[in-house]
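> One structure, as structure tokens, below. Some questions next.
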Amino acid sequence: MSEDREQDKGENRDEESRPSSAAARRGRRASGRSSSRKGAGGESKDATAPKGRPTPSRDGRGERVSPFRKIGRFLREVVAELRKVIWPTRKQLLTYTAVVLVFVSIMVAFIAGLDLLFAQGVLQLFGN
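Take full-length UniProt numbering: the final residue in the sequence shown is number 128, and no numbers are missing along the way.
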């Protein structure tokens, strides 16, 4: 019986330590974050940066970059994005190609049929 009372007390402690509302949970998370953001001097990183001003590297007055460096950076970013692409397997590629060719051939036949139908209608309407 005493073990049940200890378990009940343990459950009550967990319920008391847990925030009961969303606002309380956000406050608890924010208090945990602020202590982890402190720098070596004990100051918060947010306290050193003035609010409402852009960071120095993005204020538009940075150093000029040569066009060759811009092109090199662009190409590096293109390669990085291409590495993220999930390329299809050979089987998937053949399946997708077949689907596209069948769809295009059906659409060509449909448009050609409409063209012939309208051509016959114009000939019937205006004669030879």
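Ideal placement from N, C-alpha and C gives every residue a C-beta, glycine not left out. For clarity, every value in this text was computed on a predicted model and none was experimentally measured.
In the DSSP assignment, the alpha helix (DSSP H) including R83 goes from what residue to what residue?
If you look at R83, you'll find it in the alpha helix (DSSP H) that goes P67 to K84.
> Please report how far the alpha carbon of K51 lies from the alpha carbon of T95, in whole angstroms.
55 Å
> I need the DSSP call for T97, collapsed to helix, strand or coil.
If DSSP states are grouped into helix, strand and coil, T97 belongs with the helices.
> Helix, strand or coil: which one does DSSP assign to S105?
helix
> Please report how far the alpha carbon of V102 lies from the alpha carbon of I111, in whole angstroms.
14 Å
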